[in-house]
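In terms of the working numbering, the sequence shown opens at residue 7 and continues consecutively. Every residue gets a Cβ at the ideal spot worked out from N, C-alpha and C, and that includes glycine. To start, the structure itself, in C-alpha coordinates.
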Amino acid sequence: MPDPSPIDTYLAKLPPAQRALLEQVRGVIARVLPDAVETISYGMPTFKLHGRGVMSYAAWKAHCSLYPLTDTFLKEHEEALKGYGRTKGSVHFTPEHPLPDVVLENLVRARVADLEGGGQ
(Lines of atoms letter the chains of each structure in order from A and count residues from 1; the text may use other names and numbers.)
(Lines give C-alpha, C1' and ligand atoms only; values in the text may rest on other atoms or scores of the structure.)
Protein backbone atom coordinates (compact mmCIF):
# COMPACT_ATOMS: atom_id res chain seq x y z
CA MET A 1 0.00 0.00 0.00
CA PRO A 2 1.46 3.39 -0.98
CA ASP A 3 2.34 5.97 1.67
CA PRO A 4 -0.33 8.62 2.18
CA SER A 5 0.33 12.02 0.66
CA PRO A 6 1.48 14.79 2.97
CA ILE A 7 -1.93 16.41 2.51
CA ASP A 8 -3.73 13.22 3.53
CA THR A 9 -1.46 13.01 6.57
CA TYR A 10 -2.21 16.64 7.47
CA LEU A 11 -5.96 16.10 7.16
CA ALA A 12 -5.91 12.82 9.09
CA LYS A 13 -4.62 14.62 12.19
CA LEU A 14 -7.61 16.98 12.34
CA PRO A 15 -10.82 16.62 14.33
CA PRO A 16 -13.53 15.03 12.16
CA ALA A 17 -15.54 18.21 11.52
CA GLN A 18 -12.50 20.23 10.43
CA ARG A 19 -11.21 17.32 8.35
CA ALA A 20 -14.53 17.02 6.49
CA LEU A 21 -14.64 20.77 5.93
CA LEU A 22 -11.11 20.95 4.54
CA GLU A 23 -11.64 17.84 2.41
CA GLN A 24 -14.57 19.72 0.85
CA VAL A 25 -12.35 22.78 0.32
CA ARG A 26 -9.67 20.55 -1.22
CA GLY A 27 -12.17 19.02 -3.61
CA VAL A 28 -13.53 22.37 -4.78
CA ILE A 29 -10.05 23.77 -5.39
CA ALA A 30 -8.99 20.60 -7.22
CA ARG A 31 -12.07 20.84 -9.43
CA VAL A 32 -11.30 24.48 -10.33
CA LEU A 33 -7.56 23.78 -10.77
CA PRO A 34 -7.37 20.29 -12.29
CA ASP A 35 -3.75 20.85 -13.43
CA ALA A 36 -2.51 22.06 -10.05
CA VAL A 37 -0.02 20.17 -7.93
CA GLU A 38 -0.78 19.64 -4.25
CA THR A 39 2.05 20.14 -1.79
CA ILE A 40 2.77 21.40 1.69
CA SER A 41 4.09 24.95 1.87
CA TYR A 42 4.66 26.85 5.11
CA GLY A 43 3.13 23.85 6.90
CA MET A 44 -0.17 24.14 5.00
CA PRO A 45 -1.72 22.17 2.14
CA THR A 46 -1.17 24.26 -0.98
CA PHE A 47 -2.21 24.09 -4.61
CA LYS A 48 0.45 25.24 -7.08
CA LEU A 49 0.20 25.99 -10.78
CA HIS A 50 3.40 26.28 -12.81
CA GLY A 51 5.40 26.32 -9.57
CA ARG A 52 3.48 29.22 -8.04
CA GLY A 53 1.28 28.92 -4.99
CA VAL A 54 -2.34 29.63 -5.81
CA MET A 55 -4.27 28.67 -2.70
CA SER A 56 -3.44 27.29 0.75
CA TYR A 57 -5.73 26.18 3.53
CA ALA A 58 -5.19 25.36 7.17
CA ALA A 59 -6.95 24.29 10.34
CA TRP A 60 -6.51 26.25 13.53
CA LYS A 61 -7.96 25.72 16.99
CA ALA A 62 -11.10 27.82 16.47
CA HIS A 63 -11.41 28.05 12.68
CA CYS A 64 -10.06 27.10 9.28
CA SER A 65 -8.46 29.59 6.90
CA LEU A 66 -7.80 30.14 3.21
CA TYR A 67 -4.75 32.04 1.98
CA PRO A 68 -4.08 34.38 0.30
CA LEU A 69 -6.97 36.75 -0.11
CA THR A 70 -6.29 39.58 -2.47
CA ASP A 71 -7.55 43.14 -2.14
CA THR A 72 -9.29 42.69 -5.49
CA PHE A 73 -11.21 39.68 -4.26
CA LEU A 74 -12.13 41.35 -0.99
CA LYS A 75 -13.55 44.37 -2.78
CA GLU A 76 -15.44 42.33 -5.38
CA HIS A 77 -16.88 39.84 -2.85
CA GLU A 78 -17.34 42.00 0.23
CA GLU A 79 -21.02 41.07 0.53
CA ALA A 80 -20.36 37.31 0.18
CA LEU A 81 -17.69 37.47 2.92
CA LYS A 82 -19.83 39.31 5.47
CA GLY A 83 -19.95 37.36 8.71
CA TYR A 84 -16.59 35.62 8.15
CA GLY A 85 -13.52 36.48 10.17
CA ARG A 86 -10.54 37.78 8.24
CA THR A 87 -7.01 38.91 8.44
CA LYS A 88 -5.35 40.98 5.75
CA GLY A 89 -4.52 37.88 3.72
CA SER A 90 -7.00 35.22 4.84
CA VAL A 91 -10.62 34.40 5.45
CA HIS A 92 -11.73 32.32 8.44
CA PHE A 93 -14.59 29.83 8.41
CA THR A 94 -15.82 26.93 10.51
CA PRO A 95 -17.74 23.69 10.03
CA GLU A 96 -20.77 25.53 11.41
CA HIS A 97 -20.27 28.46 8.99
CA PRO A 98 -18.47 27.09 5.90
CA LEU A 99 -17.67 29.12 2.80
CA PRO A 100 -20.16 28.36 0.04
CA ASP A 101 -18.57 26.45 -2.84
CA VAL A 102 -19.36 29.27 -5.27
CA VAL A 103 -17.48 31.80 -3.09
CA LEU A 104 -14.51 29.44 -2.88
CA GLU A 105 -14.57 28.86 -6.64
CA ASN A 106 -14.64 32.62 -7.25
CA LEU A 107 -11.77 33.13 -4.82
CA VAL A 108 -9.61 30.56 -6.62
CA ARG A 109 -10.40 32.06 -10.04
CA ALA A 110 -9.65 35.58 -8.76
CA ARG A 111 -6.34 34.38 -7.36
CA VAL A 112 -5.37 32.78 -10.68
CA ALA A 113 -6.31 35.99 -12.50
CA ASP A 114 -4.13 38.02 -10.10
CA LEU A 115 -1.19 35.68 -10.67
CA GLU A 116 -1.65 35.79 -14.44
CA GLY A 117 -1.75 39.58 -14.21
CA GLY A 118 1.65 39.65 -12.53
CA GLY A 119 0.53 39.61 -8.90
CA GLN A 120 2.18 37.71 -6.10
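Distance between beta carbons of residue j and residue i, contact taken as under 8 Å
i	j	result
H83	R92	About 11 Å; that fails the 8 Å criterion.
P104	L27	6 Å
E18	P101	Reading off the sequence shown, one finds Ala at residue 18, where the question assumed Glu. The pair is not a contact, with the Cβ atoms about 17 Å apart (cut-off 8 Å).
Residue span of the beta strand (DSSP E) that contains residue i, given as start and end
i	result
G91	91-93
L55	50-55
E44	43-47
L72	70-73
Terminal residues of the alpha helix (DSSP H) in which residue i lies
i	result
A116	107-122
L17	12-18
A86	It is not in any alpha helix (DSSP H) - A86 carries neither H nor E in the DSSP assignment.
K67	It is not in any alpha helix (DSSP H) - K67 carries neither H nor E in the DSSP assignment.
L80	77-82
Beta-carbon proximity of residue i to residue j, cut-off 9 Å
i	j	result
D55	A42	In the sequence as displayed, the identity of residue 55 is Leu instead of Asp. Cβ atoms of L55 and A42: closer than 9 Å.
L121	S96	no
T76	A116	yes
T45	P74	no
L110	F79	no
L49	A68	With the sequence shown as reference, residue 49 is identified as Gly, and Leu is not the correct amino acid for it. Result no, Cβ atoms of G49 and A68 do not sit closer than 9 Å.
L39	V60	yes
Residues that residue i bridges to, as DSSP identifies them
i	result
G59	K54
H98	S71, G91
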